[in-house]
Amino acid sequence: MEKVRERVQSFGFPRLLIMAFLCLLIIMMFLLKIPVPLTLSQCIVRIGINMVLSLAMVPGIMAGTGMNFALPLGIECGLIAGMISLETNMTGVPGILAAMMISVPMSIVVGWVYSLLINRVKGSEMMVSTYTGFSVVAIMCIGWLVLPFHNESIVWPIGDGLRTTITLEKWYDRALNRLFAFEIVGVEIPVGLILAVVIFCVLMWLFMRSKTGMMMKAAGANPEFARANGIRVDSMRTLATILSTVLGGIGIIIYAQGFGFYQLYNAPLMMAFPAIAACLIGGATPRRISVFNVVIGTVMFQSLLAIATPVANGLIPEGNLSEVVRTIVSNGIILYALSHMQGGKR
Amino acid sequence: MGRQMKKFLINNAVTILFVIICIIGIILANQPLSYILGEISSRLFRNLTLILALIIPVWAGMGMNFSIVVGAMAAEIGIIAATNFSISGVACMAVAFLVSIPLSLVFGNLTGRLFNKTRGQEMITGMILGFFAKGIYDLVFMFLCGPVIPIKNKAMLLTNGIGLITPIDLNQETKKAINNIWKVTLDKALYFLFFVLIAVQIVLIVRKMVKNQEKFQWKKAYKLYASIAGLIVYAVICHTSETVLFALRFTDVPVVTGIIIAIVCVLITYLSRTKLGSDINAVGQNRAIAISMGIPADKVRIIAVMMSTLLAALGQLIFIQDIGNFATYTAHENVGTFSIAALLVGGASIKKANIGQAILGALLFHTMFIVAPLAGKNLFDNAQYGEYFRVFVCYAVIAISLALHAWKQVMAKRVAEEAEEEA
Amino acid sequence: MAEKAVLHFKNIKKSFSGNLVLDGVDFDIYPGQVVALAGENGAGKSTLMNILFGMSVIQETGGYEGEIEFEGQTVKISSPQEAMELGIGMVHQEFMLIPGFTVARNIKLNRENVTPTMIGKFVGRSLDLLDTRQIVEDASEALERLGMEINPEEIVEKLPVGHMQFVEIAREIDKSNLKLLVLDEPTAVLTESEADRFLECIRQVADEGIAVIFISHRLDETMKLADKVIILRDGQMVFEAKTKDTSKNQIAELMVGRKIEADSMVNVNRQFDDQDIILDLQHFSVNMPGEKCRDISLKVRRGEILGIGGLAGHGKTSISNGIFGMYPARGTVLLDGQALHYEKNGEALKHAMAFVSEDRKGVGLLLDEPISLNMVYTDMRTHGSYLKKRGFFTQFDEKAAEKSVNDMIKELDIRCTSGKQLVGRLSGGNQQKVCVARALLTNPKILFVSEPTRGIDIGAKQILLNYLVKINKELGITIIMTSSELNELRTICDRIAIVSSGTVQGILKPDAPNIEFALLMSGEKGGRE
């Protein structure tokens, strides 16, 4: 009995709860006769398009800046890059790749500037980054109104600025998903998307084991140890912030193509939270994370949401129950992680 | 002198910047004085209690209490309950408040316990807690109301019988119930205010003279002189400027709401002079030392959060009765952010806040809120610019204040180390 | 004295996980008496005080043996609160004052005078108003009793540092039931004239009939103030005498104590070339909080083991920390005659120096990582070892690392399941061995070791010390070892530099008499090269 309790404690009670909930949903899915292949296909797509955004949490936690609540910074860079690609009518997979290429230099500059801030507010990173993210989203709302985009398909026909939601049919709607895609027993396998995600995960895994990655990990795990070994902790934090911002930019492009829309204005405001929640569900803490945590967490969290939507609709046709579930689960797990941080500190 | 001036400017940078923004905004908005004055006055009375609710946790060293959202929810639950039993008028408000008292105290207690577990990260915890509570709130009122929780007043339910409608309207009698009890025009209210101020000053001085058995000290009574001077200036303006007088007469002031706010202010001031207030301050300044002196720090912190949550509930009630309805699922969303931004604009910081800063902040912040869309419309022919701008300003104020505070702490530590080295 | 003793420690014994830290302490204190408690760091003074104040560490580690008698009654104190209620007060080394409160409010903190109000009557006493006037009056009275002219309405933050200690004393004597006052190194932060003033104050307090326990490293003060001196050494009470019957030299000698066998000092008679200087510190000062050193000049000869000793807080540990860029430093460091840019992080490592920090858990280790990574980390960082190239990426080479790690585990006899075990799970001794292994894997020319045996068991201690001697002899590594335990330094060092008040007071041979070490440590100049 003692052992069971110990196991549960180390695994984390909320994680167990989430797993039980997921199992319950799967059972419900069969009971309500919801088409399994369709749901499964949606699951896979959701997991794929969210993975890179969650992966963006890895460098920050590694280098000790904690969960990157300022993910919207990278996302806005990705969105601007996306808009540029649409403006110049780039289509298909090359269009997506081009958008990514455009986003990277922007993210690097933004990430570097932001790291100057974050290195000056050690200890209060989370709060400052949250509101920096919010502020940037708000100022970019004005940005979307005034930026000189002219392509008729992306600006409002009357009035100023870009549209709130831009469907990608004309450009690269699900282009990555459809690349090499095939079907097995009614389940669509988006090979291109999976491939892209795997590449990013492997690259991140390789980075974590490289010399720089090991230094970064030390800087995060114990800054004093790092200093005693001649590592400049601030540069590691800067590098991590830049990496995270770059991943945020690339992540939103992958997200948008798989989703079929670019959403501007206030849409990126809360985007950091599900990404953070996924990592935490996967077993990461605000001080320790692995690529494995990210993968497991994203799979669990996104399949939970993907299955919850049809199940909830089967139970209560109206209202957005799965949105409520998302709010409770993602914020609940973050609260749990925060309340357990003290124990993690030395 | 130059140095002091510089220090003053740096320490009050946010406030000064805001005064400038407001002045520019008022000029650009190009609205009649009566309109702006009326809007500011009604927003001041509507929001001030919510802002005041933030002060006590700041004393306790917990920073800005983002979880006043939970208190706001308690107030909304109170109103939902009262509306469910079809109570209207002032009675509705009274019942709603009575319901929200135990709720907000319980919520506050739980919040306080959570804050004790996440010491040092209270603000982010409070913010996430607000989001989390919103999820629970939605679950209860969107899905459980109707099938699980019986609702007597069927008009509140959606047509399929599951979940509450949005927004929930207060009926004609309940809308502005507290505000409408007694109204006075602003010009009279200001006269009254000046007289009260002078009277209070005189009473204080006399009491001190009797207590210390000393003569009237002409030099120390500068507050009294300021009050009298204010009264005279005000009287002169009223008698010379037609527009000002018209604007003042045009604006109504809800006296009872004003009295409630005054009572809250007096209670907060009173608290600061009690043993408990002293304990709260001690814990806020240095928790470890307070504990070593035998002050139960965790308990004190929980009490501070409970008080804050209770005041937030009261504040949200006043807010909702003034508006006359509330969006069932989103009315509480921005309560925390807006109130905190307002308090920070008034010159408060994460470590220091007082009633004066709350009032000043409410005035400035809401002036900006009123004029920004109008200015945007006049300037760019698009009100959206102003609307996005004010949202940006709101977030930016919080981000800048937090960052400045964190940066100052790091710098102060470095300066202290250097000073030590020189010694 | 016919009076009843205020406090009587009766045969107090205490052990931490089998380690006896207090062994039969037995003494009493009478009203108005000042008892000085002397002893080296780790002699058991603070443990004794923790027992007296019922600190939770004591109960958590299994309580203590023996009895405490307070005013003739046997008491079991289980919390600081209870100690306070009995009438025991304490003034700590660091200030326990709320910076933003006035002096008066601090003196009366949590014992404020209140005026009852209606709200307080109904809601709770904590809502009674503070009686500011009474608070200020009480505070001024307490300050007057001390003979201090401090404005009770001044904010503590704005007071000169020297005055704060007086405010603390005032707070204690304002407690009407105060019978025993404990002062833990109260003069450490005071200037000389302030300290004199402070001692007068204490005398005054004692003359009011309050018993005082006075803990200090400054022997002059002890001689001046105390009526009785008690010396603890390794948890044993080795000396108890009236101050007038003893002398400073006797106390100094007894504190350091312990006979050490001549043949256990292995490196007494080695010869070195005084001209062959490997490391030369000139006017080196480091601003390390709590361990500041100023103006250290020291020459280290190639191949020797140099010990750096001294009391805690006097700056001995800051020397190695300064050289490794952990804290801001000034002055010249010459390595083989070349200036070392110690302010640049990692510069010392690059020049074949290695460092085992005194803060094992805080600086020395990554507790959540395995032994293997901890060991190879520094070498990987400075020399790029244990890495292989994979296209664009360098990758950690686990196989290469495993080999070196296993060799080291065997060599140092580290008790672990394998190199993959997390360092946080190891015992203190084994953790320390990992730190030493990490330093050695970089093939250093100079090894800095700080407090290598702090908090580890006897067996591991011996292995470590022997190993240091061995690598010094076989690999020719120059070792600079900092330690608070003088005996440990004496067993393996060629020379021992004693640091006190931030400077080198003198350098002694390990077989120099106790008294010389003791006098240097308490800052009395003298000694010889």
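Protein chains in written order, with my numbering: chain A, 7 to 352; chain B, 255 to 677; chain C, 186 to 714.
C-beta: ideal position from N, C-alpha, C; glycine also.
Assigned secondary structure, residue i (DSSP; H/G/I helix, E/B strand, else coil)
| i | result |
| --- | --- |
| residue 494 of chain C | strand |
| residue 278 of chain C | coil |
| residue 409 of chain C | helix |
| residue 268 of chain A | strand |
| residue 132 of chain A | helix |
| residue 336 of chain A | helix |
| residue 72 of chain A | coil |
| residue 195 of chain C | strand |
| residue 366 of chain B | helix |
| residue 484 of chain B | helix |
| residue 234 of chain C | helix |
| residue 251 of chain C | strand |
| residue 169 of chain A | coil |
Anticipated Cβ contact below 8 Å, residue i with residue j, distance rounded
| i | j | result |
| --- | --- | --- |
| residue 683 of chain C | residue 475 of chain C | Wrong, their Cβ atoms sit about 19 Å apart, outside the cutoff. |
| residue 514 of chain C | residue 527 of chain C | 6 Å |
| residue 411 of chain B | residue 403 of chain B | That belief does not hold up - the Cβ atoms of residue 411 of chain B and residue 403 of chain B are roughly 11 Å apart, past 8 Å. |
| residue 505 of chain B | residue 295 of chain B | 5 Å |
| residue 424 of chain B | residue 399 of chain B | In fact, because the Cβ distance is near 18 Å, the residues do not count as touching under 8 Å. |
Buried/exposed call for residue i, threshold 16 Cβ in 10 Å
| i | result |
| --- | --- |
| residue 122 of chain A | exposed |
| residue 12 of chain A | exposed |
| residue 711 of chain C | Only weak support exists for where residue 711 of chain C lies, its pLDDT of 42 falling under 50; the coordinates are left without a value. |
| residue 623 of chain B | buried |
| residue 61 of chain A | buried |
| residue 351 of chain A | A caution first: residue 351 of chain A carries a pLDDT of 39, below 50, which makes its placement in the model unreliable, though a value can still be read off. Residue 351 of chain A should be labelled exposed. |
| residue 472 of chain B | exposed |
| residue 466 of chain B | exposed |
| residue 38 of chain A | exposed |
| residue 510 of chain C | buried |
| residue 319 of chain B | buried |
| residue 436 of chain B | exposed |
| residue 303 of chain C | exposed |
C-alpha distance - residue i paired with residue j, whole-angstrom precision
| i | j | result |
| --- | --- | --- |
| residue 713 of chain C | residue 314 of chain B | Any reading at residue 713 of chain C needs caution, since the residue's pLDDT is 35, under 50, leaving its predicted position unreliable; the model's value is listed next. About 57 Å. |
| residue 349 of chain A | residue 294 of chain A | Confidence in residue 349 of chain A is poor, its pLDDT being 43 and thus under 50, which makes the residue's placement unreliable; the coordinate value appears in the next sentence. Using only the alpha carbons, I get a separation of about 13 Å. |
| residue 575 of chain C | residue 104 of chain A | 27 Å |
| residue 282 of chain C | residue 330 of chain B | 43 Å |
| residue 311 of chain C | residue 555 of chain B | 14 Å |
| residue 258 of chain C | residue 566 of chain B | 53 Å |
| residue 691 of chain C | residue 452 of chain C | 19 Å |
| residue 658 of chain C | residue 699 of chain C | 27 Å |
| residue 662 of chain B | residue 457 of chain B | 41 Å |
| residue 108 of chain A | residue 356 of chain B | 55 Å |
| residue 278 of chain C | residue 213 of chain C | 23 Å |
| residue 597 of chain B | residue 532 of chain B | 22 Å |
| residue 499 of chain B | residue 483 of chain B | 19 Å |
| residue 25 of chain A | residue 313 of chain A | 13 Å |
Beta-carbon neighbours of residue i, restricted to chain A and to distances below 8 Å
| i | result |
| --- | --- |
| residue 636 of chain B | 151, 165, 166 |
| residue 565 of chain C | 217, 220 |
Residue i beta carbon near the ligand ZN (any heavy atom closer than 7 Å)
| i | result |
| --- | --- |
| residue 61 of chain A | In the structure on display, the ligand ZN does not appear, and there are no ligands present to speak of. |
8 Å Cβ cut-off: residues of chain C touching residue i
| i | result |
| --- | --- |
| residue 543 of chain B | 281, 282, 283 |
| residue 294 of chain A | 553 |
Where residue i meets chain A, residues with beta-carbon distance less than 7 Å
| i | result |
| --- | --- |
| residue 386 of chain B | 334, 337, 338, 341 |
| residue 598 of chain B | Per Cβ cutoff of 7 Å: no residues; residue 598 of chain B is ~11 Å from chain A at best. |
Amino acids of chain B, ordered along the chain, whose beta-carbon sits closer than 7 Å to that of residue i
| i | result |
| --- | --- |
| residue 345 of chain A | 368, 371, 372 |
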